[in-house]
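Colleague: Under my numbering, think of the first position of the sequence shown as 907, with each following residue one higher. We put the CB at the ideal spot given by N, CA and C, even for glycine.
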Amino acid sequence: MKREELKSILNKVKSGEIEPEEAEEMIRLEPFVDLGYARPDTHRELTQGAAEVIYGEGKSAAQIAGIAQALLGAGQERVLITRLAAQKADELSNSLELEYFDEALIGLIGGLPEPVGDGKVAVVTGGTSDCHVAEEAALTAEALGSRVQRIYDVGVAGIHRLLANAGDLSQANAVIAVAGMEGALASVVGGLVDCPVIAVPTSVGYGASFHGVAALLAMLNSCASGVSVVNIDNGYGAGYLANMINQRTGKER
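1) For the beta strand (DSSP E) holding A1070, just list the boundary residues, first then last.
2) What is the DSSP secondary structure of R1159, counted as helix, strand or coil?
3) Rounding to the nearest angstrom, what Cα-Cα distance links A1148 and T988 in this structure?
4) Considering Cα atoms alone, identify which of N1140, V1099, L916, T1046 is closest to G1086.
5) According to DSSP, is Y1006 part of a helix, a strand, or is it coil?
6) With H, G and I counted as helix, E and B as strand and the rest as coil, what does DSSP make of A1063?
7) DSSP on R989, reduced to helix/strand/coil?
8) Can you list, in chain order, the residues of its chain with a C-beta nearer than 7 angstroms to that of E931? Leave out the 5 residues immediately preceding and following it.
9) Any chance you could list the beta strand (DSSP E) runs of at least 3 consecutive residues sitting entirely within the region 908-975, in chain order?
10) Under 8 angstroms by Cβ, that's how I've got A1124 and G1097 pegged, so tell me the actual separation to the nearest angstrom.
11) Would you identify the three-state DSSP class for V1099, choosing helix, strand or coil?
12) I'd like the list of long-range same chain contacts for G1047, defined as Cβ closer than 7 angstroms, with 5 residues on each side in sequence excluded.
13) Considering only the beta carbon of each residue, do Y943 and Q975 sit closer than 9 angstroms?
14) Taking the alpha-carbon of G1051 as reference, which of A957, V1039, G1061 has the nearest alpha-carbon?
15) Could you check the C-alpha separation between R1159 and D1074 for me, to the nearest Å?
16) Below 9 angstroms between beta carbons: does that hold for I1015 and E1003?
17) Below 6 angstroms CB to CB, which residues in the same chain sit around V1135 once its five sequence neighbours on both sides are set aside?
18) What span of residues does the alpha helix (DSSP H) with A1043 cover, start to end?
19) Pick out whichever of N917, L977, E923 has its Cα sitting closest to the Cα of P937.
20) Please state the DSSP three-state secondary structure of S1134.
21) Relative to the C-alpha of L990, which residue among G981, A967, G979 is closest?
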């Protein structure tokens, strides 16, 4: 919904043409754009605090472009596209001002915003092989307005590397712990910090890791309090949740 449309509804409430409850329903539930193949939610930011994000996998470049243009046309300042293959990104660049982050498979229209508040999210990986998932998480949090500190390749095989960064971790409002193999990093981080830890199992590992299932189960069974777990390789979900925690913590402070 554009500002003038919202202002029109509010003016009708002011003049008594409609009741506040009716206006609330109009604002909260009604608006979306029907493209036939998709229904972009133009009010996601009003209902959930963050604008709609496009999941690129399984969609054609033309479909992604149509959804992005609908969101931008409705007044959305920036559009984040996750799981975007390089070939599709090249096609989209012909019609949209797209910035592409190849390691994270993320496309961004509208650029990264200035961080909101002084709080930060720390993104930690067990190894360099986990960085593609970590970058999806980090860029998601940044696109939503969080300040992000990256602390990569500090897995438990050389735990002194993690301990050397304990001071930085203690200053975060949320920590995203990204690891494959046996997934022990999340429990160790959970024992070092007093903020929520979002564990992200990755599909990195040898045969018995079962493409991330071993790390997922280990993280779900973490003995450290305050550790939550998202799905395998779900950097986006972790970044989104970490931003919510960071922004909420900033409001409370």
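Modeller: Taking the structure as given:
1) Run containing A1070: none; DSSP gives neither H nor E here.
2) Only weak support exists for where R1159 lies, its pLDDT of 46 falling under 50; the value from the coordinates is given anyway. Coil.
3) 17 angstroms
4) N1140
5) Taken through DSSP and simplified to helix, strand or coil, Y1006 comes out as strand.
6) Three-state DSSP puts A1063 in a helix.
7) Residue state, collapsed to three classes: coil.
8) Cβ neighbours of E931 beyond the five flanking positions: none.
9) The qualifying runs do not exist here; there are none.
10) Not quite, the Cβ-Cβ distance comes to about 14 angstroms (not below 8 angstroms), so this is no contact.
11) coil
12) The question names Gly, but residue 1047 is Ala in the sequence shown. Within the same chain, A1047 has close Cβ partners V1027, V1054, G1145, A1148, N1149.
13) Between Y943 and Q975, the C-beta spacing is not below 9 angstroms.
14) The option with the nearest alpha carbon to G1051 is A957.
15) Unreliable positioning characterises R1159 in this predicted model, as indicated by a pLDDT of 46, which lies under 50. The coordinate reading is nonetheless provided below. Rounded to the nearest angstrom, the two C-alpha atoms are 19 angstroms apart.
16) yes
17) A1105, M1125, L1126
18) Counting along the chain, the alpha helix (DSSP H) containing A1043 begins and ends at 1037-1049.
19) L977
20) strand
21) A967
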